[in-house]
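Number of protein chains: 2
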Amino acid sequence: MRISARTQYALRAVTELAAAPPGPVPAEKIATAQSIPRRFLDNILLQLRRAGLIHSQRGPEGGYWLARPAGEITLADVITIVEGHPEQAEHGGYPGVAQPLAEVWSMLREHEETLLTEITFAQIVSSRFSA
Amino acid sequence: MRISARTQYALRAVTELAAAPPGPVPAEKIATAQSIPRRFLDNILLQLRRAGLIHSQRGPEGGYWLARPAGEITLADVITIVEGHPEQAEHGGYPGVAQPLAEVWSMLREHEETLLTEITFAQIVSSRFSA
DNA sequence: CTATAGCCGACTTATTAAGTAGGAAATAGG
DNA sequence: CCTATTTCCTACTTAATAAGTCGGCTATAG
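Protein sequence lines correspond, in order, to chains C and Y.
Going by my numbering, the first residue of the first sequence is number 15, and it counts up by one from there.
Going by my numbering, the first residue of the second sequence is number 15, and it counts up by one from there.
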């Protein structure tokens, strides 16, 4: 279960947006609240905006906010944006007797995906997600 | 679900040993069967042997074999050897509202570990493992 | 005594992750 | 208009890890 710093930052940033009252939240505030390197965060927020997950407003009183209600954004949404899922990570086609191993990865991947697509940021901020 | 090449090679190598008839299997044979770079494989097998998972014999007619029956060696056994689990990957202590995220990683890690400690190489070679 | 095969540490290279730099372009308020 | 704020954007540098290589030594069966 490897999660890159970038991904964790992205999730934490979105959580901040989900927890904030309506209206734009400046990157600076998120960076401070979550101890994320400012410039790096810019970079990540930019990516999330381009993907249409969040909206933004420049200038004073500007900032970022969620494009959809927190209850309609899942952890998987964020993760797939920042990690990108272009190629189906070469886990298929093991030689000979090792072939069944591929099936195991498949099972793991599936469970992981299921869980991540079921948990929304509304649940995160209210600490309510099913076990 | 990131799995390093090293780890995959290790699992495939052990699978080969589990599937082979009793007696030493030379590294060369494993390398060929699984398309693993020979020198790299040496390296990995050495590590598995030092950990006591496999035994070895030098010289002609030498090779490697499992230290225990395939039914008593789990995928997790191999993985923990080649990846090492020294530090409990910093997933605790998220600031403020992001705290619940840690719980999610915990759930994922737990499920993953459970699955990997339940599947043995006997099951892999016979393609029988519970879903 | 020779061919086979494992043993071993150190070393090189490739890839990815993490974080930085330097500015340009909006926009709210005075 | 002018200024402070804040996002936007590309590219770059550096650090860490993974992947794989090298050279040579040691054991042992026949």
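The beta carbon of each residue, even a glycine, is placed where N, CA and C say it ideally should be.
Remember, it's a predicted structure, so these values are computed and weren't measured experimentally.
| Check | Outcome |
| --- | --- |
| Could you pull out every residue in the same chain whose Cβ sits closer than 6 Å to the Cβ of L130/Y, ignoring the five residues on either side in sequence? | L89 and A90 |
| Starting from the beta carbon of W79/C, find every residue of chain Y whose beta carbon is closer than 8 Å, and list them in chain order. | Going along chain Y, no residue has its Cβ under 8 Å from W79/C, so there is no contact; the nearest lies around 15 Å. |
| For A19/C, count the other beta carbons within 10 Å of its own beta carbon; 16 or more makes it buried, fewer makes it exposed. Which is it? | exposed |
| Kindly list the residues whose CB is nearer than 6 Å to the CB of A65/C, restricted to its own chain and excluding five residues on each side of it in sequence; keep chain order. | I95 |
| Could you please tell me which residues of the stretch 125–136 of chain C, in chain order, have their CB closer than 7 Å to any CB of chain Y? | H125, E126, L129 and I133 |
| Flag this pair as yes or no: are the beta carbons of P35/Y and G77/Y separated by less than 7 Å? | no |
| Mind checking if L60/Y is an interface residue toward chain C, Cβ cutoff 7 Å exclusive? | no |
| Does the Cβ of E30/C have 16 or more other Cβ atoms within 10 Å, making it buried, or fewer, making it exposed? | buried |
| Excluding the 5 residues preceding and the 5 following H14/Y in the sequence, name in chain order all residues of the same chain whose CB lies nearer than 8 Å to its CB. | Because chain Y is modelled from 15 through 145, residue 14/Y falls outside the range shown and cannot be assessed. |
| Go to I68/C, then tell me how far its beta strand (DSSP E) extends in each direction, as first and last residue. | I68 to Q71 |
| Would you check if the distance between the CB atom of A136/C and the CB atom of A84/C is smaller than 7 Å? | yes |
| Any C-beta of chain C sitting closer than 7 Å to the C-beta of V28/Y? | no |
| Determine, using beta carbons only, whether L115/C comes closer than 7 Å to chain Y. | yes |
| Would you say Q48/C lies against chain Y (beta-carbon separation less than 7 Å)? | yes |
| Can you find at least 3 beta carbon pairs, one from the stretch 108–116 of chain Y and one from the stretch 47–64 of chain C, that sit closer than 8 Å? | yes |
| Which class does Y23/C belong to by DSSP, given the choice of helix, strand or coil? | helix |
| In whole angstroms, what separates the C-alpha of I148/Y from that of P114/Y? | Because chain Y here runs from 15 to 145, residue 148/Y falls outside it and cannot be looked at. |
| Is the beta carbon of V148/C sitting closer than 7 Å to the one on V92/C? | Outside the displayed span of chain C (15 to 145) sits residue 148/C, for which this structure offers no information. |
| With 7 Å as the threshold, decide whether the Cβ of I68/C is near any Cβ in chain Y. | no |
| Does the beta-carbon of T134/Y have 16 or more other beta-carbons within 10 angstroms, so that it is buried, or is it exposed? | buried |
| Buried or exposed: which applies to R16/C, given that a residue is buried once 16 or more other Cβ atoms fall within 10 Å of its Cβ? | exposed |
| Hey, quick one: how far does the alpha helix (DSSP H) through P114/C stretch, first residue to last? | Q113 to E132 |
| Can you tell me the Cα-Cα spacing of I44/C and E126/Y, whole angstroms? | 32 Å |
| Give the residues of chain Y in contact with R123/C, contact being defined as C-beta atoms less than 9 Å apart. | M15 |
| Could you say which of E75/C, R26/C and Q71/C lies nearest to L55/C if we only look at CA atoms? | R26/C |
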